[in-house]
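Residue numbers (the working numbering): 158 to 237. Idealized CB from N, CA, C, for every residue including glycine. No experiment lies behind these values; they were computed from the predicted model shown.
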Amino acid sequence: MVYLVYSYRGHEYTVYENLAQGNEPLAWQHRNEQSQIDQLIEQKEREKNAQSKPCRYEDTAQYAFDQFYNFLDGEPSDFD
């Protein structure tokens, strides 16, 4: 049995050639392994992008209300 180790998009995978009858062709093994790696990378990207980004006070509704109340009270605000 021959084992071949490859690297694809920063991940290693192994395919093997078994000369016994009924062995999956090497091209199929490559395609399946690379497809799994692609799916893993896409899933990691989706999880990374789904994480909520840190929120600044200036980006909140509370900040807008505070600035509006400052404006109504005659205090300096960003609305001036």
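Query	Result
Spatial distance of R213 from G231 (CA atoms)	25 Å
Meets three-Cβ-pair contact criterion under 8 Å: the segment 184-193 and the segment 159-170	yes
Cβ-Cβ distance between M158 and Y173 below 7 Å	yes
DSSP-derived helix/strand/coil call for L161	strand
Beta-carbon proximity check, Q219 vs D235, cutoff 7 Å	no
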